[in-house]
Structure formats: structure tokens, C-alpha cells
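Residue numbers (full-length UniProt numbering), protein chains in the order written: chain A, 1 to 357; chain B, 1 to 357; chain C, 1 to 357; chain D, 1 to 357.
Quick reminder that beta carbons are idealized off the backbone N, C-alpha and C, glycines included.
There are 4 protein chains.
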Amino acid sequence: MEMMKAAVFVEKNRIVLQDKPVPPIGPLDALIRITTTTICGTDVHILKGEYPVAPGLTIGHEPVGIIEKLGSAVSGFHEGQRVIAGAITPSGHSYACLCGCSSQDGPDNAHGFKATGGWKFGNLIDGCQAEYVRVPDAMANLSPVPDGLSDEQVLMCPDIMSTGFSGAERAGIQIGDSVVVFALGPIGLCAVAGARLKGASTIIGVDSIKVRQDMARRLGATHIVDFTQGDPVEQIMALTRGRGVDAAIEALGIQATFESALRVLRPGGCLSSLGVYSSDLRIPLDAFSAGLGDKQIITTLCPGGKERMRRLMDVVASGSVDLKPLVTHRFKLDDIEAAYELFAHQRDGVMKVAITP
Amino acid sequence: MEMMKAAVFVEKNRIVLQDKPVPPIGPLDALIRITTTTICGTDVHILKGEYPVAPGLTIGHEPVGIIEKLGSAVSGFHEGQRVIAGAITPSGHSYACLCGCSSQDGPDNAHGFKATGGWKFGNLIDGCQAEYVRVPDAMANLSPVPDGLSDEQVLMCPDIMSTGFSGAERAGIQIGDSVVVFALGPIGLCAVAGARLKGASTIIGVDSIKVRQDMARRLGATHIVDFTQGDPVEQIMALTRGRGVDAAIEALGIQATFESALRVLRPGGCLSSLGVYSSDLRIPLDAFSAGLGDKQIITTLCPGGKERMRRLMDVVASGSVDLKPLVTHRFKLDDIEAAYELFAHQRDGVMKVAITP
Amino acid sequence: MEMMKAAVFVEKNRIVLQDKPVPPIGPLDALIRITTTTICGTDVHILKGEYPVAPGLTIGHEPVGIIEKLGSAVSGFHEGQRVIAGAITPSGHSYACLCGCSSQDGPDNAHGFKATGGWKFGNLIDGCQAEYVRVPDAMANLSPVPDGLSDEQVLMCPDIMSTGFSGAERAGIQIGDSVVVFALGPIGLCAVAGARLKGASTIIGVDSIKVRQDMARRLGATHIVDFTQGDPVEQIMALTRGRGVDAAIEALGIQATFESALRVLRPGGCLSSLGVYSSDLRIPLDAFSAGLGDKQIITTLCPGGKERMRRLMDVVASGSVDLKPLVTHRFKLDDIEAAYELFAHQRDGVMKVAITP
Amino acid sequence: MEMMKAAVFVEKNRIVLQDKPVPPIGPLDALIRITTTTICGTDVHILKGEYPVAPGLTIGHEPVGIIEKLGSAVSGFHEGQRVIAGAITPSGHSYACLCGCSSQDGPDNAHGFKATGGWKFGNLIDGCQAEYVRVPDAMANLSPVPDGLSDEQVLMCPDIMSTGFSGAERAGIQIGDSVVVFALGPIGLCAVAGARLKGASTIIGVDSIKVRQDMARRLGATHIVDFTQGDPVEQIMALTRGRGVDAAIEALGIQATFESALRVLRPGGCLSSLGVYSSDLRIPLDAFSAGLGDKQIITTLCPGGKERMRRLMDVVASGSVDLKPLVTHRFKLDDIEAAYELFAHQRDGVMKVAITP
């Protein structure tokens, strides 16, 4: 049995590099040799025990690599091909997938849906912070990398680009909309870029960290609100001359940002929520207009599948969005524990790290 | 100055019939002589002081009547025409109207939106529990009643039919969907009818009152859940064999129904909220899948305007939905205080009352 | 090698029953023993040589049957299960499927789309007018029949119900719409039922055959226009008092109905086209308002996949649409040539035939 | 009676500057003193007698100016305010407006819709190539110009920006789509900018004129196809590696571009038509996949109304689209006949002219 290195969740506050067998594959799977991967904020939630996964699981859901082996029933790909796969790997054939809700992909029984069931890597099955990863339902998920794009150029496609853009897409942003994005971490920054791509003319980023504010401006923010400089709700209402925003994107996952997002929405607007929450939320009666304000709250889990990845890589190739500057630090897989240490504590201006086996 | 009788909010727990001047009209208005109107659950909220309006205001927002007089700038209608107007009377020319959000119609300044601003009758201006009512922006709001339809047949169009149907419409119900409606008051019953009209194949009504359950079955409910006979969430999950519903319509406005609606939604489903809430709401973390379940919460205020009214009256004329049986009691305007007494206490199996000046 | 009987296209005007080997299956396939199937108008196009298929191909794309054998990579089903599959059998994993266009499913190369590529049975691969049929991509396509539904009750789901309903769905029909359906063959009749399910209040069926007019009324038509009794465009404009219809569904596939559909559309309306055309079409300048009328022409190929089938069978089970009366004649597979003879010439008031091996 | 100068359609091939009375206004109108206007391709159709208007009509539908006088029933604006109005001036209160189809605004009778009825200026009523113009339904149509924007910066908003963008909007362009725009006149160039604003990653412009190709690249085209250098269909299929485009925007109005647009569409794609056609169109059977390709043909007339104008001016103010370079020539109103001469013959690299009274 061939062995490999993998970042494994052992217990709360301990993700460690271990030797594990290279995963065997079934007829519908592919084995990918990882060339580059990264760490996500969600992985930090796992590390801290805030999002539960099974001890012994390999973490990581953002793979760039090379096809090492294909399952016996897989066609349309060949070994040696350079590919990515989304963080979410829909089967393509579940009831959830077939009704357009592939991120909530469940087993094929009467139910057919499972909350967050499409997120398999580093959640339900071994992930990709390792030398190799098994990709389930390979025909729906392997997405060839166009010639000329580097690993780091496509490294954001599997999760943060897909998630951030979906925040703008699900908000139904129209040309000329005003949009606010609460929190300018990697997801929020991608939501800013997504809002610009969808035609928003006013894009307000909310954060207090200078380097993130600068990156937001670079990606399309027209205004920055620093919540340490005054009530963000008041600042945003002033910027929109009392009208409020057409869409508010929540990209942090706490009560304060959720509630502020609801407050700055114009009647009829959409709160597009991307954050991973860790406690109950409260909807204040006034911010909700007693239920009569035509407001919408829409939550979204990262869209996956090879067609999504193809489109995102096309956006990168077109040059209209450049996320490479988000990669601020680089580590070998052997040093991934140090990468977690840096990333979890947000030291040294880190935005995203690149991990190479 | 000609005088008329009108039901006026005096103070908490006092709506009384008073003499008031017949309202003067401006160039864009019409004066309607009311032939039939009704009392809404929202009027009871006003009566109880739960929804604030100005003392002295005439209550009521569901007018059927005859054009008595037209403003100088109004064309396309003639005096003596039999019409209804929606509970919501959009101007047609505000920023809110022109971006498809007419119930949140605000004044024409930079803001342009006002939460619930399209609801004018018995909220911002004098309402129609009176002998006459002034209809603002008459050209956008007067809707001629087709020959052959009685006052009582169209009495539900201005509010409960429009509101109930919108609960189904905004949920985006598709052919073959499963839908649950929480609370089978007049709005919930119309939501049941709306879900059937939109093609749902499984429609579950939740209520404990026999007469409402029966009416729900008549309007299209395929299953009834009585929450006094066991946990409604468990009953609904059993009825859908663990899948949950595609859409849950909240038609009461309390935490228990809102929360249950969220719990019975399949991942990716839509909670369509119609209730008027009177306190903050709580979103339980698990029912919300930590924000990762692709769930939507959509609130809706009754759609108005003459095109909406025309369509609803067409539905009535086609015979596909018959809401006349909802009118269980009839009163003269002179006896409206008795009507409030009956309706507010839900005595004698009352569903809706007809009030005739 | 086990043999079976199958209806095979030999050459123009000759579909004959032949002995053929029972199809072998691959890892993703299922073998279904057919218990009931039917003949479609498209099969008659094939018979007449108007739609080209390869000589030697087994015809038929509407299977009801029992799982005989499952491919090695198929899970979630078991042998002996009673199932249907759609006329269109999307793979679930192609680019076309993953961008929501599964009827145009193509091979997994750079292209990823193929016009009508999702229609495999009796078009690209052997069909189901036979004792057995191979179902490709079984996990995406096998749909268990609910207990209590007969073969004939679900026989319309694979094609005509899915196609007819999609004509109404893609037209974006709203509550209160007026809709016309041109031609009341099986597809048109299902479009009538679909328009009713989507909430149309005025549904005009156009046909000259009495039995079809009667069936249309039963399925929801509120008006019938007989084109032998006067210009159908004039009749429809009169019925809508000069307004025109919100949606016009074309269910025949000839210039006259296509053009009339365009003429009776109100500005901003939608022509939803279901017909299989056999020659170029002409768009008259005036009917098209010189391209400035905000009109839409939307064509649709039957939606397939197990989720679609599940929903349609749910509609049948709910009792809201009953298509069993469309089955006017029954034949053994051994007599299928006689069935073609009857059906192709539309003798004896035939609507649909049931074929049982 | 005060007099003014106005460009009047006299007969085929004669638009001349004449003295006419300053238009009187009704209670819902406004009188605008024109500061800048322009000539549209449609005006040239009128000049050539290809689009019929009444002799004596003042031409022009793209006004920038100052409120001179307000009708007695108009509120929310004040004299002296700098405004634009859209080429299309919806009433706000018609049935068409209230069902979201305001460009097809008709009189308030049973019909309620009129093809292209929202286009009033220079079509149904006197237009704005004059010193003054009457704006109907002023409250729905006057849109204040933000401080800091010049006349020429907002001159494209009333028509070509709104029309071009709508071609992209109605095509439902998604992030990562491939789009082709046929013909790079002012409308086509704005469609290119609109496709970019909606997130297309591949934008192919088709034209043979160098200056237009260059402008298209500047506005977002990623590829140019010159139809004099080879069959445009083949070139586009090659650029998309055989896949075809997700959306094809027709911006000329002739059979050749319409047909090519249909041919290069992937199955399931959308042909978004903006051109003003002057003869019947032919849909080739193969390009239409016999009606089974899930293709859509959507026509759009320029959206108007003050909210649309507000949004477009916001886009200009945000700096994301700069259309000022389209203004290649400037004329005084006194010289408008020379401007027509230049523009109608497309001399001297003209794209748009600015006309100032």
C-alpha cells in the first residue's frame, strides 16, 4: 500500500501532518496528485472545533493537480491532464443536482437532499491537503486547466471565487445596483469582484484592515466603510443618501454583520449571506419591517461542478479579475502546520496561503 | 361640506363609527362610493395598538365601490363605473414602482423607497370602512369589475387573495412542488389556493380549527397537520418521507410558525413569509444549516395596482378559485363596531365579514 | 445471446417487429424489462422519413417497466423495482447538464453540447418499443413508480406530459395569464393542462376535432377556437378583447400555427414553441413589430431525468391532472405494426396507444 | 405664442429645421429646454421613409436639458433642475407598465398594450431635436443629472446605452458566458459594454470597420471578427472551439446577422435581438434544430423611465463605462441638416453627434 502525507484533523486545535495510504478509487472516481492547494477559513473553524468533522479526516477542499488515475467507468479525461475540482463535488445524478441545487447533494433515497451534502472534501471524505486526493463522481467534477494559467491563478476557483461570486449572483444584482459587502476577507473580496462583474455601480466594502481595504478597491469597491470610524449602518445610509442598498452581502458569519446588512437594505432588497454562523441569529423587528418590507435573506453554499470551474477559469483567463495577489504566503506541504498557525491567527497580513506538496 | 360615516381609530382598543367630511380629491385622485368592504386581521392589530396609526384615521383597505368623482388629470375611467382598488395603491411613478417594488412605494426624493409605503388606505391616509374613500393615483389603481361578478366575489381581491397568492408566487413554486402553509386564516387559505394555482402537488395545511381545515381542503390542501395532535415538524417530515418541503409559507406572524417553517424546508427551499410580526425573530443555527443550506427567507407585502386586481378578478371569473364561502358574516356599516367585536375575538366560526354602507 | 422482439426502423415507411439481442449493459446502465410503452408523433415523423435515424434502430422513447439488471457502478436502485425513465436521458455530468440545459446533453469534450443530444432512446441508441431497453446513466434517469399508480397512469410522464407542461413552464406563465394552445394533439392537450397548473385564467385551445376539443375542456381549456369556423387570429383577438394573449404555445410544428401564435401575442408576450418543424419558418415583419415588440420565441425539448419524472408522477398521484383518458387504444407488442398503422393515420379517434410486450 | 426651432419630418428624405410653437403642457407634463441632444439610427430610418411617422412631427428622442415648466399635477421636481428623460417615456400607470412591460405602454382601455407604444418622442408626439420638448408623465420620466456629469457624458443614457445594455440583460448573461455582438454601431458597442458589465468572459464583436473594432475592444470586446475576412459563423465557432456562444446579440436588423446569430448559438442559448428590421425574417430549419434546440429569440425595445435613467447615470458616474468617445462630431441645432447629412452617410468616422440648441 502506497503511502502519502496528509494534513489530518486529530482533535480540537490539532491538525497535523501524518502518513496515510494513498486513497483507493472506485469506478466513478479519479485520483489526483495535488500540485497546489490552500487553507480556507472553514478549515480554521474545523481546527478550532467550531465545525465538527470526524477525527482522522484529511482536511482541505481546494485542489489543483494532475490526474493520476481514473476509475473504470470514467470517460472523457486522460491521465496526466492538469485539472481542478470544486470544493463542492456534486454527483450530477442526485435529486438535488437534477433540481438545480447541487451543493445540497444527498444520497439517492426518498430524501435525496442533505444539508451541505455536496461539500465532501475535508468534510465527509478525505480532503486535499495531501499528496493525493480521491475525487468522487469525476465526470461531473474534473475541470481541465486552460493552457497558460498557473496553479496560483486558478487556486481560488474551487472555493473562494465560486463562493464570493455566488454571493453577488444569488443577490440578483442588476446593472446600476448599489451593493455593500460586510467583511473583506478572501470571500468578501471575491464578493466585491463578483458585484462588479454583475454590473453594480456602487460597491461599498466594510472592513477596518488597511490591506484588505486596498485590495477591495483594486477589485472594484467604489467606497470603503471602516466600522471603527463610526456606526457602519449610518455611514452606509449616508453614502446611499438615505436610500439603502439594493443588496447586502454578509461574508463573516456573526450577528453584528448580519443585522447591519438587514438594516442597510432598502425595502425590497436582498441580504445575500455567505458567512458560516456559529450561533443562533436574531432578526430585529424594525430592521425586518415587521415582515412587510419585501426583504429577502438568501444563503448560499459554494457552487461546484466542472462547468462552474470552467467558467471561473475563463474569467481568470480573460483577465477581468485577478486574484493572484490574494496569495500572500507560500508553504511546502511539509510545513502546513506552520501555515495553519499563521493563517489561523491572521498574522503578517496573510490573505491566502499556497501549499505545495 | 358633505358628511359621511367612517370607522375611525380613536385610541387603543377603540375603533368607532363617526361622522367625517367626505374626502376632497386632488387632480390624480378618484372618489369612490363604497358598496362593500371588509375587516382585515391587520385592522385588528391596529385596534389592539400593535400596529401604530394616527388617532383620527379612517381604517380599512379593501374597497369595492362605484366611481363618484374623478380628479381633473384622470383619464381612462368614467363616473358610475364599478371598481375595486388594491389594499396597496402604488403611484406608478416612484423609483420603487419603476424598479418593480411597488408595495414599498416612497416619495419622489433621493430615497424613493419607504418600507410598506405603498400601503396607504387606513395606514397613511383615510381608509375605506366608510361611505366614501379617496383613491390616490387613480389611473394606476382603479380596476373595473367585470360584468357578472358580485361585490362579495371580488371582495377578497384587494388584500387577502393578492397577499395569499403572492406567498406562493414569491416562493417560486414549480409544478410538482411540496408546500406547507402555516396557519389557515384567510391569508393562509388564499396561500393554499395560490400554491395549487402554481402547480404544487403536495399542499399541507397546518391548523387546529376544523372549519379552517375543511376550507383548506376545499381550496386545494392535500394534507392537514393539526399541531395539537403532535409536533408539526415531525408530522410534516413524515408526510414528505424525510425530504422536507420545497416551500413553506408562514401566514401567522409568530416565532413558532416561522421557526417550524424553517425546520421543515428541504435544503435549498424557500420560506415565504406573509405574517405581520410583532417581536424580534430568532433563526436557530441548526434549522439554518449554519448559513450553508442554500435556504431563502422571502417576505412579501400584498401586491397592488390595477393590473394585479384585473388578474385576480379574472381568476375569480374563470371559476378556478372560489373565495365567496370565506364571507361568513354580513354587517351594515352602522354595525361595524359589532363586526369588529365578532372578528377580533374570532367568534362564531367567522372567517371574513362583509360590511355594506 | 438472449433474443427479444423490437420495433425497428428499416427504411422510410417501414418500422417492423424483429428479433434482436437483448442489449448488453455497461457499468453506468440499467436493463429494463418493458411492461408498457407507447408511440409518439415523433415516431411517425421517423416512420415517414421526416426525421432521420439510422436503419436498424429500435424506436420508442416512453418506457414503463421493471429493473432487470443494474450496471456495476450503479447504486441506489435494486432489481425488480418498478420504474419509468424520461424520453430524454441526461447524463447528469456533462457541461450541458451542469449548466441547466440537460436536454442538449453532449459528449464531454470542449463542446459539451449537442443539439437534442439528450434524446437518446430511439434516436441515438436503441429505444423501448421492445421487450427490453438499456437505460444509460441509470442513476440520473431511473425513477421509481409510486405504489398505487398503474402503468397507464404514468405512461404519459416520459414525454408528452413533460413536453406539454414545459411549454407552459418556459412561457413563464403567471397567475391570471391568458394563454392559447395551437393544436390539441397529445402534446397540446398536456400544454393545456400545464397552463392550468401554472395558474392561467384564460386558456384557449385551437383545433377542429371534436374529441380533442372535449378533452381540452376537461383538462382546463376555458375557450375553444375552431379554425375551420373563421380566422383563428381574429377569433382569439376577439376573445381577449383586442389585448392578445400573454403566452402562445405552438404544439404542431408548421408555419401557419407558428405565425398565428406570433400574431395573437400581446406586445411583450412569449411564443413557447413545442412543435417539431420540417421546413424553414418565416417571421412576418408586422407580427414581429419590426423587432421592437419585446416578444420572445422560446423553443423547448422535453425535460427528462429522474427528478422531473418524480414530480410528474406526484402530479398524477395528487389527482390534479388525469391523462389516462388519452389512452384510447391498446395493443400487444406483437401487433405494433397495426398500432403504427392506426396511429399514423389518426384513425378511429386515436389519441395515444398503450403497447404491452 | 412663443416660437422655437425644431427639426421636422416633412416628407421622405426631408427633415428640415422649422419654426414651431413651443409646446403647451398638460397637468402631468413638463416642458424641458434642451441643452444637448443627438441623432439616432432610427431617425435615419425615419428620414429615409423606412419607419413611418406623421409629416410635421418633430424628430428626436434623446433629450438632455433643464426643466422650464412643470404641469399643475407634477410634484417632486422643480424648475431649473437639470434632467434627462429616456427615449421611451412610460406612463407608469398603464396595464403594460404595471405588468413590467413599460416600453409597450398603451392607452388605458381593455387592451392596455400597444406595440412600441412607450416610444413617444419623435414617433407619436413631438420629439427633442428642438429648443423645447414636452415630456409626458413627467413624474415617471424626469431624471435629475448628478452633479459633476456633463451633458455629453449622459447623452447616451436615453437610448443607446439603455438599448445596448438591455440586449445583454435580456439575454440573461451569466458570469463566464461567451457572447457575440453582431454589428458595432453605437447600439452594438453599448451591447459590448453591457455584456462586460454582466460578467461575460468572452465577448466577440463582429464588424469590418477599424474604428468600431477599436472602440469595441476599449469597451470590453475580447475578440473581433471581421466578416470580410471569412465566414463569420466559422470564425466564431472556431473561437469558441466548436461550442458556440451562450448569447448572440443582433444589433443591425438584417437577415444575414439574424441568421448568423442563430447559427453560432449553442443549444440552449439566447439570441437577443435589438435591430430594427425592415423585412420579414427567415429561420433556417437547421439553425433552429427543427425547434428542438432549446434556443430562445428575445427582442427588446429600449427600457425607459426615471429609475432606468438614474441607474445608467450611476454607471457613468462610477467610471466603469465611458461612452463620451462615441461623440465624434458636434453641431449647433441650426446646423442639424448638415448633421443628418453626415450621420446618414456615415461620413468621416462619425459614431454619434452632439446637437446643441
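- Going by DSSP, residue 223 (chain B) is part of no alpha helix (DSSP H) but of the beta strand (DSSP E) stretching over 223-225.
- Interface annotation, residue 314 (chain A): in contact with chain D, CB-CB separation under 7 Å.
- Membership of residue 340 (chain C) in the alpha helix (DSSP H) is indicated by the continuous run 336-344.
- Where residue 246 (chain A) is concerned, the enclosing beta strand (DSSP E) starts and stops at 245-250.
- Look at residue 40 (chain B) here: in three-state DSSP terms it is coil, with no helix or strand label.
- In the three-state scheme derived from DSSP, where H, G and I count as helix and E and B as strand, residue 79 (chain B) is classed as coil.
- If you check the CB distance, residue 301 (chain A) and residue 292 (chain B) come in under 7 Å.
- Nearest to residue 299 (chain B) by alpha-carbon distance, out of B:165, B:282, B:286, B:271, is B:271.
- Between residue 216 (chain A) and residue 230 (chain A), the gap from beta carbon to beta carbon reaches 7 Å or more.
- A direct Cα-Cα distance of roughly 18 Å separates residue 159 (chain D) from residue 182 (chain D).
- The shortest C-alpha to C-alpha distance from residue 96 (chain A) to any of A:356, A:357, A:118 is the one to A:118.
- From the listed residues B:207, B:233, B:227, B:228, the smallest Cα separation to residue 221 (chain B) is found for B:207.
- The stretch 239-302 of chain D is shown to contain whole alpha helix (DSSP H) runs of 4 or more residues at 255-264, in chain order.
- Annotated as proximal: residue 65 (chain C) and residue 35 (chain C), with beta-carbon spacing under 7 Å.
- Between the stretch 66-85 of chain A and the stretch 17-28 of chain A there are three or more inter-stretch CB-CB distances shorter than 8 Å, so the stretches are counted as touching.
- Close to chain D, meaning a Cβ-Cβ distance shorter than 7 Å, are the following residues of the stretch 17-32 of chain B: 27, 28.
- Taking every protein chain shown into account, the CB of residue 218 (chain B) has fewer than 16 other CB atoms within 10 angstroms, so this residue is exposed.
- Residue 295 (chain A) counts as buried, since no fewer than 16 other beta carbons sit within 10 angstroms of its beta carbon.
- The Cβ of residue 95 (chain D) sits closer than 7 Å to at least one Cβ of chain B.
- According to the DSSP assignment, residue 95 (chain A) belongs to the alpha helix (DSSP H) that extends over 95-98.
- For the set C:212, C:313, C:280, the Cα lying nearest the Cα of residue 351 (chain C) is the one of C:212.
- Per DSSP, residue 74 (chain B) lies in no beta strand (DSSP E) and is assigned neither H nor E.
- Boundaries around residue 5 (chain C) are those of the beta strand (DSSP E), 3-11, since no alpha helix (DSSP H) includes it.
- With respect to chain B, the C-beta atom of residue 197 (chain C) has a partner C-beta closer than 7 Å.
- In terms of Cβ geometry, residue 277 (chain A) and residue 15 (chain A) do not form a close pair [threshold 7 Å].
- In this structure residue 56 (chain C) is exposed. Its beta-carbon is surrounded by fewer than 16 other beta-carbon atoms within 10 angstroms.
- Using a Cβ-Cβ cut-off of 8 Å, residue 293 (chain D) is close to 104, 115, 116, 299, 301 of chain C, given in chain order.
- The three-state reading of DSSP puts residue 17 (chain D) in strand, counting E and B together.
- Contact fails between the stretch 311-329 of chain C and the stretch 312-323 of chain D, because fewer than three Cβ pairs, one in each stretch, are under 8 Å apart.
- In the three-state reduction of the DSSP assignment, residue 143 (chain A) falls in the strand class.
- Contact between the stretch 138-145 of chain D and the stretch 79-93 of chain D is present: 3 or more CB-CB pairs across the two stretches fall below 8 Å.
- The shortest CA-to-CA distance from residue 261 (chain C) to any of C:280, C:234, C:241, C:279 is the one to C:234.
- Here the stretch 151-170 of chain C does not lie against the stretch 2-9 of chain C, with fewer than 3 beta-carbon pairs under 8 Å apart.
- Interface flag for residue 261 (chain A) against chain B is unset, since no Cβ pair is found closer than 7 Å.
- A distance of 7 Å or more separates the beta carbons of residue 304 (chain D) and residue 100 (chain D).
- Against residue 82 (chain C), chain D offers no close residue; the least beta-carbon distance is about 30 Å (beta-carbon pairs closer than 7 Å).
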